[in-house]
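Residue numbers (this note's numbering): 2 to 303.
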Amino acid sequence: VLLCCPAVSSWEWHPFSVASAPQSGAIELYARIHRGDPKSWTHRLSDHLRAWQPARDDGSLHAQRAFPGPAGGGPGDAERGLPRGAPAFKVDGPYSAPSQASRVYDRVVLVATGIGVTPFLSILRGTVRHRWPAEAAAAGPGRRARGPSCVRLVWVARQEELPAFRWLVEDLVALRAEHLARAWPFALEVSVRLTSASARRAAESPPLAQLLADLSRRDGATGRPLVLQREGRPSAEDWRRELLGLPAPSEPRAHEGPRSPVVGVVYCGEGRAGRAVARVCAAANAEGGGGPRLEYHEERFA
């Protein structure tokens with residue numbers, strides 16, 4: 002969607018990926034605040050939102066706004082020259098995105114770096130909390146569920162930035178726990194790659210240490226890790242394992258041969274990692290040999 006906050010700028014519209022599930026009754030957006038530039042739109046937006054609700058202990062903001070909001074817009078609007086009853090936010094959209102391609106595959110690998118994980122959180126929330134429960138309840142003997150039956154998320158982030166993603170870590174751990182608690186014929190795997198990892202940094206930062214502990218949690222019944230946690234930037238061979246090491250599909254789709262199932266690979270993030278993933282997909286497809294065909298989709302950030 003495109004978002005405008007008239008109290009910050011009446012003419013600036015900025016793109017955001019929706020993090021909430023499509024089936025939910027709310028639009029949930031996450032913004033990365035550029036604190037080093039007080040004139041940036043996100044910096045000014047955070048200052049405006051602090052008038053609604055103070056920041057959390059880790060410095061993050063969590064502001065909620067009902068639409069349509071009450072007359073008067075938001076705190077401080079009168080001082081900014083906004084008329085009474087002006088909207089607190091304007092939203093345009095939603096617009097289509099490459100991440101929507103994940104719906105057409107039986108097996109899909111979602112690859113993200115940094116804040117690029119936002120649209121994939123929407124996919125996981127919609128799949129685990131809405132689509133899979135509905136399909137499991139509706140599927141009878143011999144009936145195959147619609148949509149992906151195997152989803153793997155690979156998220157690459159700098160360890161030092163992990164506290165800014167507390168909202169993501171909490172939800173990824175919860176989603177995996179919810180998935181393992183059900184006897185579903187669906188597979189969900191979550192892999193987190195932390196770059197620039199430092200044991201000393203973790204020891205000196207209690208919020209970071211807590212998040213690392215959350216990522217290391219195991220399922221109480223099976224003892225399996227909820228999230229696979231690794232350190233270091235993925236190599237080409239690491240990407241091959243992540244993209245090609247998925248369980249076999251329950252049954253091939255009409256356009257798939259029985260020995261060459263298709264795996265959808267959807268990337269969202271900065272360009273360097275996206276180019277690396279694209280090269281691995283192209284090389285794997287060129288090799289052939291009866292392995293899975295990787296169909297690549299991307300949304301790169303500058």
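Every residue gets a Cβ at the ideal spot worked out from N, C-alpha and C, and that includes glycine. Note that this is a predicted model, so its numbers are computed, not measured.
Is the beta carbon of residue i less than 7 angstroms from the beta carbon of residue j?
i: A102; j: V267; result: yes
i: G127; j: C269; result: no
i: V193; j: W240; result: no
i: V152; j: V92; result: no
i: V220; j: V170; result: According to the sequence displayed, residue 220 carries Asp and not Val. Contact: no.
i: V281; j: A237; result: yes
i: E243; j: G265; result: no
i: W14; j: L30; result: no
i: T119; j: S18; result: yes
i: A284; j: T114; result: no
i: V129; j: E179; result: yes
i: L154; j: F121; result: yes
Residue i by DSSP, collapsed to three states: which one?
i: V170; result: helix
i: G70; result: Its pLDDT being 46, under 50, G70 is placed unreliably in this model, and the value from its coordinates should be taken loosely. G70: coil per DSSP, three-state reduction.
i: C5; result: strand
i: G82; result: For G82, the predicted structure reports a pLDDT of 49, less than 50, and the residue's modelled location is therefore unreliable. A value from the coordinates is still provided. Coil, per DSSP.
i: A158; result: strand
i: R33; result: coil
i: Q230; result: strand
i: S150; result: coil
i: A195; result: The question names Ala, but residue 195 in the sequence shown is Leu. L195 falls in the strand class under three-state DSSP.
i: R225; result: coil
i: P253; result: In this predicted model, P253 has a pLDDT of only 47, less than 50, meaning its place in the structure is not dependable; the value taken from the coordinates is given anyway. DSSP places P253 in coil when its eight states are reduced to three.
i: E299; result: strand
i: G117; result: helix
i: G270; result: strand
i: P208; result: helix
i: E288; result: helix
i: P164; result: helix
i: L111; result: strand
i: G265; result: strand
i: A214; result: helix
i: A182; result: coil
i: R51; result: coil
Could you say which of the options lies nearest to residue i if we only look at CA atoms?
i: P235; options: S150, A277 and W12; result: A277
i: L195; options: L213, P262 and R301; result: L213
i: T223; options: G233, A182, L173 and A203; result: A182
i: A89; options: E179, C6, G291 and A210; result: C6
i: E1; options: L209, E205, G291 and F302; result: Residue coverage of the chain in this structure runs from 2 to 303, which leaves residue 1 outside it and unanswerable.
i: L247; options: G292, A204 and R231; result: G292
i: R132; options: I34, W185, W168 and P16; result: W185
i: V105; options: A52, A27, H180 and V263; result: V263
i: S100; options: A20, A139, D38 and S206; result: A20
i: G272; options: R51, V112 and L154; result: V112
i: A175; options: L125, G37, A279 and R51; result: L125
i: I28; options: P95, G37, A138 and S206; result: P95
i: W168; options: P226, H49, Q24 and Q211; result: Q211
i: L245; options: R231, E232 and R294; result: R294
i: P226; options: R177, S25 and E205; result: R177
i: A135; options: L50, Q24 and G233; result: Q24
Since residue i contacts residue j with CB under 8 angstroms, what's their CB separation in whole angstroms?
i: S217; j: A188; result: 21 angstroms between Cβ atoms; not a contact.
i: S197; j: R159; result: 5 angstroms
i: A98; j: E299; result: With 8 angstroms as the limit, A98 and E299 do not qualify as a contact, their Cβ atoms being about 11 angstroms apart.
i: S123; j: A32; result: 15 angstroms between Cβ atoms; not a contact.
Using a Cβ-Cβ distance under 7 angstroms, would residue i count as near chain C?
i: I34; result: Reference to chain C is not applicable here, since this structure consists of a single protein chain.
Does the segment 38-52 touch the segment 7-16, meaning 3 or more C-beta pairs lie closer than 8 angstroms? yes
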